[in-house]
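Okay, structure first, notes after.
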Amino acid sequence: MLNIQLLAFGIARDIIGSRTASLELPDDASLQDLRILLLERFPAFAQLRSLAFAVNTDYQTDEYLIRDGDEVVLIPPVSGG
Amino acid sequence: MLNIQLLAFGIARDIIGSRTASLELPDDASLQDLRILLLERFPAFAQLRSLAFAVNTDYQTDEYLIRDGDEVVLIPPVSGG
Amino acid sequence: MIDVRLLATALEDDACLSYVASEADGGTVLFKGTIRNRTAGKPVLRLTFEAYDAMAVREMESIAAEGLEKWRCHRVAIHHRTGTLLPGDTAVLIAVAAPHRQAAFDCCQFCIDTLKLRVPIWKKEVFADGEVWVAAHP
Amino acid sequence: MIDVRLLATALEDDACLSYVASEADGGTVLFKGTIRNRTAGKPVLRLTFEAYDAMAVREMESIAAEGLEKWRCHRVAIHHRTGTLLPGDTAVLIAVAAPHRQAAFDCCQFCIDTLKLRVPIWKKEVFADGEVWVAAHP
Numbered sequence: 120m121l122n123i124q125l126l127a128f129g130i131a132r133d134i135i136g137s138r139t140a141s142l143e144l145p146d147d148a149s150l151q152d153l154r155i156l157l158l159e160r161f162p163a164f165a166q167l168r169s170l171a172f173a174v175n176t177d178y179q180t181d182e183y184l185i186r187d188g189d190e191v192v193l194i195p196p197v198s199g200g
Numbered sequence: 120m121l122n123i124q125l126l127a128f129g130i131a132r133d134i135i136g137s138r139t140a141s142l143e144l145p146d147d148a149s150l151q152d153l154r155i156l157l158l159e160r161f162p163a164f165a166q167l168r169s170l171a172f173a174v175n176t177d178y179q180t181d182e183y184l185i186r187d188g189d190e191v192v193l194i195p196p197v198s199g200g
Numbered sequence: 006m007i008d009v010r011l012l013a014t015a016l017e018d019d020a021c022l023s024y025v026a027s028e029a030d031g032g033t034v035l036f037k038g039t040i041r042n043r044t045a046g047k048p049v050l051r052l053t054f055e056a057y058d059a060m061a062v063r064e065m066e067s068i069a070a071e072g073l074e075k076w077r078c079h080r081v082a083i084h085h086r087t088g089t090l091l092p093g094d095t096a097v098l099i100a101v102a103a104p105h106r107q108a109a110f111d112c113c114q115f116c117i118d119t120l121k122l123r124v125p126i127w128k129k130e131v132f133a134d135g136e137v138w139v140a141a142h143p
Numbered sequence: 006m007i008d009v010r011l012l013a014t015a016l017e018d019d020a021c022l023s024y025v026a027s028e029a030d031g032g033t034v035l036f037k038g039t040i041r042n043r044t045a046g047k048p049v050l051r052l053t054f055e056a057y058d059a060m061a062v063r064e065m066e067s068i069a070a071e072g073l074e075k076w077r078c079h080r081v082a083i084h085h086r087t088g089t090l091l092p093g094d095t096a097v098l099i100a101v102a103a104p105h106r107q108a109a110f111d112c113c114q115f116c117i118d119t120l121k122l123r124v125p126i127w128k129k130e131v132f133a134d135g136e137v138w139v140a141a142h143p
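See the structure below:
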């Protein structure tokens, strides 16, 4: 199993109810697998215009294979400026 | 005859040698007639990228018929900003 | 040269303009984004900006570097607020200096357009009757 | 609202930015044109700006009004220098505020582009070996 940390901002934090969360995922899980899991647990994510992921401080696509210890950042639609 | 005042700026002032000048033109003279006269007396005007005219504070085309007492402004290529 | 800051205190126009000033450059463009007092006709009480700080700074630096290179500009400053802002407050400042003006306009516009697309900063608008995360929903 | 000034004294960024500031507007764009220390590689000692004052002010007002109307912006300030300037000095400031940024960018660019085409102001560059009226000859 992979142990990862979630870090959530903006409306994503409201949806999961906290800034950080720990999660276990099967080995070889991709960000797409995480997306599916999140949508199951928190159907409100389906209402968003988009949900992107970063690992540490870089955007990653859904094909990214999660590594044990990764910090995965949930990035709902940004609205800076 | 029409009596007009010339007002010259930038390189036009250098070419005619003074900021202002008085001139007599035949009745019914247009700015085009003035242009021809200026090019005869001051051939250096032919070297400019352009020479526009204003009467008082408005640009006028060469068809403009000069009136007695007009102040005609010689506007060489502008370079503000 | 790039100056990127994510600040919890009031942004200063002059800090950005001074940073990019140079006798080698003839054109400077500053974009200043401020808090409007209404959204779709509804009075806004205040806004809160939340940022993923480390990544927001990295993304702003990367946007500034991309703009500098693409338009051959010399200096870019991007300053962005976090925290709570009131109508009229400055949310973002982007200053770009270049030898000629077109490059400065194009680079400045690229920086603000791209910042709004990909820098991890989120704003919540607070109205008399509730709060909304801007642009979160379609 | 339009604020046009032709000034023989140093231009101030903040005078333009303050004039256009409003809680109804979210985007402000400032263009600042400054004196470069070189032209085509040649060191510039100083510049002199000469203006046909009355007409220069009228033309700048007309450009500002045209920009405001075309892009539905709220406020435009155009301040232009006359007299002698040194490298680094500010020759022109144009600030535009609008509800949204694209209008402010487009209007500001229109104002500076059009100012350079038709406002009766002339600059002479002074080099170590002589003086040149800028753009006078092809």
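Line order of the protein sequences matches chains P, Y, S and Z.
Just so you know, we're using the numbering used here here: the first sequence kicks off at 120 and counts up by one.
Just so you know, we're using the numbering used here here: the second sequence kicks off at 120 and counts up by one.
Just so you know, we're using the numbering used here here: the third sequence kicks off at 6 and counts up by one.
Just so you know, we're using the numbering used here here: the fourth sequence kicks off at 6 and counts up by one.
Note that CB positions come from ideal geometry on N, CA and C, so glycine has one too.
These numbers come from a predicted model, not from an experiment.
Would the region 20-34 of chain S and the region 115-125 of chain S be scored as touching if the rule is three or more Cβ pairs under 8 Å? no
Of the listed residues P:R168, P:F128, P:N175, P:D187, nearest to P:L121 (C-alpha basis): Against the first sequence, residue 121 of chain P aligns to sequence position 2. That would be P:D187, whose Cα lies nearest to the Cα of P:L121.
Report all residues from its chain with a CB closer than 8 Å to the CB of S:G93; omit the five preceding and five following residues, and keep chain order. Within the third sequence, residue 93 of chain S is the residue found at index 88, counting from 1. Cβ within range, chain order: T39, I40, N42.
Could you please give me the residues that DSSP links to S:R43 through a beta bridge? Walking along the third sequence from the start, residue 43 of chain S turns up at place 38. Its beta-bridge partners are S:P48.
I'd like to confirm the pairing. Which residues does DSSP put opposite S:D8 in its beta bridges? What you label residue 8 of chain S is simply residue 3 of the third sequence in a count that begins at 1. In the DSSP output, where bridge partners are listed per residue, S:D8 has S:A82.
Step through the CB atoms of chain S and report whether any lies within less than 8 Å of the CB of Z:R51. Position 46 of the fourth sequence, counted from the start, is the residue given in the question as residue 51 of chain Z. No, Z:R51 lies away from the interface with chain S (no Cβ there is under 8 Å from its Cβ).
Within the present structure, is the beta-carbon of S:I7 separated from the nearest heavy atom of the ligand ADP by less than 7 Å? You won't find the ligand ADP in this model; it holds no ligand whatsoever.
Would you please verify whether the beta carbon of S:A45 is less than 8 Å from any beta carbon of chain P? Along the third sequence, one-based indexing puts residue 45 of chain S at 40. It does not; no Cβ of chain P falls within 8 Å.
Do P:A173 and S:M60 count as a contact pair if the criterion is CB distance below 8 Å? Position 55 of the third sequence, counting from 1, holds the residue named residue 60 of chain S. Position 54 of the first sequence, counting from 1, holds the residue named residue 173 of chain P. A contact, by the Cβ cut-off of 8 Å.
Does the beta carbon of P:I185 come closer than 8 Å to any beta carbon on chain S? Taking the first sequence and counting its residues from 1, the one referred to as residue 185 of chain P is at position 66. Using a Cβ-Cβ cut-off of 8 Å, P:I185 does not count as an interface residue toward chain S, since no Cβ of chain S sits closer than that to its own.
Does the separation of the CB atoms of S:H79 and S:A103 fall below 8 Å? The count along the third sequence starts at 1 and reaches residue 79 of chain S at position 74. The count along the third sequence starts at 1 and reaches residue 103 of chain S at position 98. A contact, by the Cβ cut-off of 8 Å.
Please list, in chain order, the chain S residues whose beta carbon lies closer than 7 Å to that of Z:E28. One-based indexing of the fourth sequence puts residue 28 of chain Z at position 23. Within chain S, the residues near Z:E28 are R41, N42, P92, G93.
Taking 8 Å as the limit between beta carbons, can you name the residues of its chain near Z:L90, skipping five residues before and five after? The sequence position of residue 90 of chain Z within the fourth sequence is 85, counting from 1. Taken in chain order, the residues that qualify are I40, R51, L52, T53, F54, A96.
Would you be able to state if there are at least three C-beta pairs under 8 Å between the region 127-135 of chain P and the region 127-139 of chain S? Judged by Cβ distances under 8 Å, the region 127-139 of chain S makes contact with the region 127-135 of chain P, as three or more pairs qualify.
Can you find a C-beta in chain P that's less than 8 Å from the C-beta of S:A59? Taking the first residue of the third sequence as position 1, residue 59 of chain S is located at position 54. With 8 Å as the cut-off, S:A59 counts as an interface residue toward chain P.
Output needed for Z:E66: all residues of its chain with C-beta closer than 7 Å, excluding positions within five of it in sequence on either side, in chain order. Position 61 of the fourth sequence, counting from 1, holds the residue named residue 66 of chain Z. Correct list, in chain order: I7, V9.
How is P:Y178 classed by DSSP in three states: helix, strand or coil? Taking the first sequence and counting its residues from 1, the one referred to as residue 178 of chain P is at position 59. In the structure shown, P:Y178 sits in a strand (DSSP, three-state: E or B).
Closer than 8 Å, CB to CB, is Z:T33 near chain S or not? Mapped onto the fourth sequence, residue 33 of chain Z falls at position 28. Chain S has a Cβ within less than 8 Å of the Cβ of Z:T33.
For Y:D75, I'd like the list of residues in its chain whose CB is within less than 7 Å of its CB, leaving aside the five on either flank, ordered along the chain. Because chain Y in this structure spans residues 120 to 200, residue 75 of chain Y falls outside the shown range and cannot be described.
Roughly how many angstroms separate the alpha carbons of S:V131 and S:V49, rounded to a whole number? Locating residue 131 of chain S in the third sequence gives position 126, counting from the first residue. Locating residue 49 of chain S in the third sequence gives position 44, counting from the first residue. Approximately 6 Å, taken between the alpha carbons.
Between Z:A29, Z:L73, Z:L98, Z:K75, which has its C-alpha nearest Z:A15's C-alpha? Reading the fourth sequence from its first residue, position 10 is the one you call residue 15 of chain Z. Selected option, being the one with the closest Cα: Z:L98.
Using 8 Å for Cβ pairs, my map puts Y:S149 next to Y:Y183. What's the rounded Cβ distance? Against the second sequence, residue 149 of chain Y aligns to sequence position 30. Against the second sequence, residue 183 of chain Y aligns to sequence position 64. Yes, Y:S149 and Y:Y183 are in contact; Cβ-Cβ is about 6 Å, under 8 Å.
Alpha helix (DSSP H) containing S:S67: first to last residue? As a first step, residue 67 of chain S is located in the third sequence; it is residue number 62 there, counting from the start. Run containing S:S67: 58-76, per the alpha helix (DSSP H) assignment.
Determine whether the Cβ of S:K128 lies closer than 8 Å to any Cβ atom of chain Z. As a working mapping, residue 128 of chain S is identified with position 123 in the third sequence. False, the Cβ-Cβ gap to chain Z never drops below 8 Å.
Looking at chain S, is there any beta carbon in it that lies within less than 8 Å of the beta carbon of Z:R86? As a first step, residue 86 of chain Z is located in the fourth sequence; it is residue number 81 there, counting from the start. Not closer than 8 Å to any Cβ of chain S, the Cβ of Z:R86 fails to qualify, so no.
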